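To keep things clear, I will list the structure first and then write my remarks on it.
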Amino acid sequence: MKTNWVFLIVALVVLLLISGCTQSEADYTVDESDTQTDAENTDGQTPPPALDDDTPPTPPSNDNTPPIPPEDLQPTYTLEEVAEHSTETDCWMVLDGKVYAVTEFISSHPGGIAILEGCGKDATTLFETRPMGSGTPHSSGARTRSEPLYIGDLAE
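Going by numbering that gives the first Met the number 0, the first residue of the sequence shown is number 0, and it counts up by one from there.
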């Protein structure tokens, strides 16, 4: 008699398992009318608004280019600090009071090695006059290409 009960219990467990495995996806669909909207909460209160992150993404940095922090946290550099980066393999320059790490751009500079003249110093005059080239200021395209290389401001 005891074995009959054991057999019956085992059979019920197997049936329950089988019936649970054969439910269709339709059995799991959610009625959209039953769901809460973003503006509703179960206690009738409106949840706080989502935080908007207005901080622009930081572009990937190269070995000699520090990552760009948000504008209000931009570091400042002295001319002495900029002067420590005056080689072809580690080149920073100042343009209009902003410091740029241009090492990775040197090999693709349209003016060739002329860019090296500005390494480690305030190169604003060189950038605006191009004494080794056409003698005219750099284009707006050149200014746009320099934006990702910006790393901070020149300390006053």
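Even glycine gets a Cβ: it sits at the ideal position worked out from N, Cα and C.
None of the values given here were measured: they were computed from a predicted structure.
Around the CB of residue 150, 16 or more other CB atoms lie within 10 Å, so the residue is classed as buried.
Listed in chain order, the non-local C-beta contacts of residue 104 below 7 angstroms within the same chain comprise 148, local neighbours out to five positions each way being set aside. Taking C-beta atoms as the reference points, residue 87 and residue 125 fail to come closer than 7 angstroms.
The three-state reading of DSSP puts residue 77 in coil, since its state is none of H, G, I, E or B. For residue 117, the CB contacts under 6 angstroms within the same chain, skipping 5 residues up- and downstream, are 92 and 125 in chain order.
In the DSSP assignment, the residues bridged to residue 94 are 97. Between residue 94 and residue 145 the beta-carbon gap is near 7 angstroms, inside 8 angstroms, which marks them as a contact.
Across the set 142, 110 and 106, the C-alpha of 142 shows the shortest separation from the C-alpha of residue 99.
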